[in-house]
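As structure tokens, the structure follows; a few thoughts come after it.
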Amino acid sequence: MTRVLESGGYILGAEVESFERAFADYCGVAHGVGVGSGTDALILALRALDIGAGDEVITVSHTAVATVAAVLACGATPVLVDVDPVFYTIDPACIEAAITPRSKAIVAVHLYGQPADMDAITAIGRRRKLRIVEDCAQATGGRHRGRQVGGLGDIACFSFYPTKNLGAIGDGGMVVTADAALASRVRRLRQYGWDESRNTHEIGLNSRLDSLQAAILHAKLPYLDADNIRRAAIASRYDRAFAGLPLTLPAACPESTHVYHLYVVRCDERDRLSAHLAADQIGSTVHYPVPVHQQHGYAERVIVTGGGLPVTAGLAAKILSLPIYPELSDAEVDLVIASIRRFYARPR
Numbered sequence: 001m002t003r004v005l006e007s008g009g010y011i012l013g014a015e016v017e018s019f020e021r022a023f024a025d026y027c028g029v030a031h032g033v034g035v036g037s038g039t040d041a042l043i044l045a046l047r048a049l050d051i052g053a054g055d056e057v058i059t060v061s062h063t064a065v066a067t068v069a070a071v072l073a074c075g076a077t078p079v080l081v082d083v084d085p086v087f088y089t090i091d092p093a094c095i096e097a098a099i100t101p102r103s104k105a106i107v108a109v110h111l112y113g114q115p116a117d118m119d120a121i122t123a124i125g126r127r128r129k130l131r132i133v134e135d136c137a138q139a140t141g142g143r144h145r146g147r148q149v150g151g152l153g154d155i156a157c158f159s160f161y162p163t164k165n166l167g168a169i170g171d172g173g174m175v176v177t178a179d180a181a182l183a184s185r186v187r188r189l190r191q192y193g194w195d196e197s198r199n200t201h202e203i204g205l206n207s208r209l210d211s212l213q214a215a216i217l218h219a220k221l222p223y224l225d226a227d228n229i230r231r232a233a234i235a236s237r238y239d240r241a242f243a244g245l246p247l248t249l250p251a252a253c254p255e256s257t258h259v260y261h262l263y264v265v266r267c268d269e270r271d272r273l274s275a276h277l278a279a280d281q282i283g284s285t286v287h288y289p290v291p292v293h294q295q296h297g298y299a300e301r302v303i304v305t306g307g308g309l310p311v312t313a314g315l316a317a318k319i320l321s322l323p324i325y326p327e328l329s330d331a332e333v334d335l336v337i338a339s340i341r342r343f344y345a346r347p348r
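Under the numbering used here, the letters of the sequence shown match residues 1 to 348, in that order.
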């Protein structure tokens, strides 16, 4: 941070370029482009793929609103499909029925730290000539069949919001890709459409990762894998402690490495359990209580498939996110476990 402050260069520049290279290497791809936020990363990735008015983009309603907001920001129409009932990521079986002549891309959301079924999704993309965008905001460091998320589709988007597995002290995002032409276009689009001579080729945005955040993220990157291992260790303790309770615990796909951005359980007494935890001064929340297709301003502008998305609707009524982050101490994990076991031990 001192190095950046003394340099006098605070937007893009050498610090950002250095972090872009390091993060792209980490993801196993050739190119990284730092941008202002994870939402901007999605918008810029979609625009680089020439997605706009008249196009349809297939994704899910069980996600952060940003996923769908980015599609709309490009002028395209989000087509929302249901999620898998076990892993909560986009259900490949629902994608085929959602494809129309206007379909241009699939945004695969790696939710809660769990990579989506990228083998099935990329196979559909190849067969139906659809571009594959990875929304990696919640799964930095996750792997599918040994490959890092971010290198599994045509282009991938990351968020460095402070609560993410790799978080800045502020906002930030990154687009990564193996495609040099896509990376070059994202670089232009993030800064008005300029080339290196500041000549515009198209209309772009102002979305630049700042040098201070890049330096912070670069310093934290070597600790990401250890932090994710700590998250997995906490998840494993929860799994053992809650076995046998009337909770549906997170399922980890055996072909993937879940990095537990969130530890989300499903239970019939969600609201009462949350209130009980709050009384014990333990935080919990719901990701996400209202599916995007039911939210005002979005409901009117999306296409919903699958008869109302029954799996998504069922999850929204029963899911609860428990505390999980690398700094959570063993003693604090014990408190969470004890509180939940007390809740289910109470007289009925």
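The beta carbon of each residue, even a glycine, is placed where N, CA and C say it ideally should be.
Cβ-based neighbour list, residue i, same chain, cut-off 7 Å, excluding 5 preceding and 5 following
{"i": "residue 81", "result": "58, 60, 90, 91, 94, 95, 98, 305 and 306"}
{"i": "residue 201", "result": "188, 193 and 195"}
{"i": "residue 167", "result": "160 and 161"}
{"i": "residue 183", "result": "31, 33 and 177"}
{"i": "residue 51", "result": "57, 74, 76, 104 and 105"}
Residue closest to residue i, alpha-carbon to alpha-carbon, out of the options
{"i": "residue 263", "options": "71, 138, 15 and 67", "result": "138"}
{"i": "residue 119", "options": "255, 322 and 339", "result": "255"}
{"i": "residue 210", "options": "36, 8 and 197", "result": "36"}
{"i": "residue 145", "options": "295, 154, 114 and 165", "result": "114"}
{"i": "residue 310", "options": "75, 182 and 84", "result": "84"}
{"i": "residue 207", "options": "86, 54, 251 and 41", "result": "41"}
{"i": "residue 175", "options": "198, 133 and 216", "result": "133"}
{"i": "residue 38", "options": "64, 19 and 15", "result": "64"}
{"i": "residue 155", "options": "142, 141, 341 and 131", "result": "131"}
{"i": "residue 321", "options": "343, 300 and 260", "result": "260"}
{"i": "residue 165", "options": "343, 15 and 230", "result": "230"}
{"i": "residue 281", "options": "293, 339 and 301", "result": "339"}
{"i": "residue 126", "options": "346, 153, 269 and 14", "result": "153"}
For residue i, the three-state DSSP class (helix, strand or coil)
{"i": "residue 210", "result": "strand"}
{"i": "residue 318", "result": "coil"}
{"i": "residue 276", "result": "helix"}
{"i": "residue 104", "result": "strand"}
{"i": "residue 157", "result": "strand"}
{"i": "residue 112", "result": "helix"}
{"i": "residue 248", "result": "strand"}
Chain-order list of residues whose beta-carbon lies under 6 Å from that of residue i (same chain, five-residue window excluded)
{"i": "residue 116", "result": "89, 90, 108 and 110"}
{"i": "residue 124", "result": "95"}
{"i": "residue 239", "result": "249"}
{"i": "residue 79", "result": "56, 58, 98 and 303"}
{"i": "residue 128", "result": "99"}
Contact under 8 Å by Cβ, residue i with residue j
{"i": "residue 287", "j": "residue 22", "result": "no"}
{"i": "residue 180", "j": "residue 30", "result": "yes"}
{"i": "residue 318", "j": "residue 272", "result": "no"}
{"i": "residue 150", "j": "residue 27", "result": "yes"}
{"i": "residue 312", "j": "residue 291", "result": "yes"}
{"i": "residue 205", "j": "residue 344", "result": "no"}
{"i": "residue 326", "j": "residue 283", "result": "no"}
Below-8 Å beta-carbon distance, residue i vs any chain B residue
{"i": "residue 326", "result": "The chain labelled as chain B is not found in the depicted structure, where only one protein chain is given."}
Nonlocal neighbours in the same chain, by C-beta distance under 8 Å from residue i, ignoring five residues either side
{"i": "residue 198", "result": "none"}
Sheet register partners of residue i (DSSP bridge)
{"i": "residue 99", "result": "Note: residue 99 sits in no beta bridge, so no partner."}
{"i": "residue 303", "result": "79"}
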